[in-house]
Amino acid sequence: MPDLTAALNRKTGVQALILPGRHGFADPYSPNYAAPSAAQALHLMLDFLAKR
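Once you know that position 33 of the sequence shown is 17 in this note's numbering, the rest is easy, because the numbers rise by one and skip nothing.
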């Protein structure tokens, strides 16, 4: 994934991040739920939407 993230970040207007966690990290009903990463993802998404 670091190669993909680096390639995406070379594009104008794109910011790609890798947050700690596994698939389902933002789903509170998932065994892979990772509260800190879920909170960070939500914060980043809301900031992005507020700027649009």
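For every residue, glycine included, the Cβ atom is placed at its ideal position computed from N, Cα and C.
If you reduce the DSSP assignment to three classes, tell me which class residue i lands in.
i, result
"M29", "helix"
"P(-14)", "helix"
"L1", "coil"
"A22", "helix"
"A(-9)", "helix"
Are residue i and residue j closer than 9 Å when you measure CB to CB?
i, j, result
"L3", "S21", "yes"
"L28", "L(-12)", "no"
"R6", "A18", "yes"
In terms of alpha-carbon separation, which member of the options lies closest to residue i?
i, options, result
"G8", "A25, Q(-1), K(-5)", "A25"
"Q(-1)", "A10, D11, P(-14)", "P(-14)"
By a C-beta neighbour count over all protein chains shown, 10 Å radius and 16 as the cutoff for buried, is residue i buried or exposed?
i, result
"A(-9)", "exposed"
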